[in-house]
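For the sequence shown, the residue numbers in mature numbering (1 follows the signal peptide of the UniProt record, and there is no 0) are -22 to -1, 1 to 102. Every residue, glycine too, gets a C-beta built ideally from N, C-alpha and C. Report on one structure; see the data block that follows.
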Amino acid sequence: CQGQPTLLCLLCMAMCLTGIPAGPVRKAQKNNQAAPIDDMNVLMYGVLQFSETLHHVYESTDAKFARIERSLRRHEERLERLGQEAGQAAEKDREMRQVLGQIQVRKRTRPALTKVYCERKPAN
């Protein structure tokens, strides 16, 4: 029961302090009174091992969740950056299309202007 006391640990401690046997109650004879104490020790050892294993599982699960959370946060940040870059690329695309449209308008009007200019120019 490392760290925080659990209900199971408190129950086991209460059983040890009050002397309640963990197994079925036997009528103790004077020659085999040590058996219930040995049984209690074995059971307590098993409970302690189970409690320690459960604590390690909890810690490792908590660590896994922390790693998953960090990884998810990094992925969300990358996704946000990609979204911003996509927005910037869309803006650049819009600007380029606008400039291309202006160039095409100039290209269409230039031959007409050249023709008008040539017609106005007096011949020498």
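> Hey, how far is the Cα of Gln27 from the Cα of Glu63?
Replying inline: 54 Å
> Apart from the five residues on each side of it in sequence, which residues of its chain come closer than 7 Å, Cβ to Cβ, to Glu47?
Replying inline: none
> Expressed to the nearest angstrom, what Euclidean distance is found between the alpha-carbon atoms of Glu30 and Arg51?
Replying inline: 31 Å
> If we ignore side chains and look at the alpha-carbon of each, how far apart do Thr87 and Gln80 end up?
Replying inline: 11 Å
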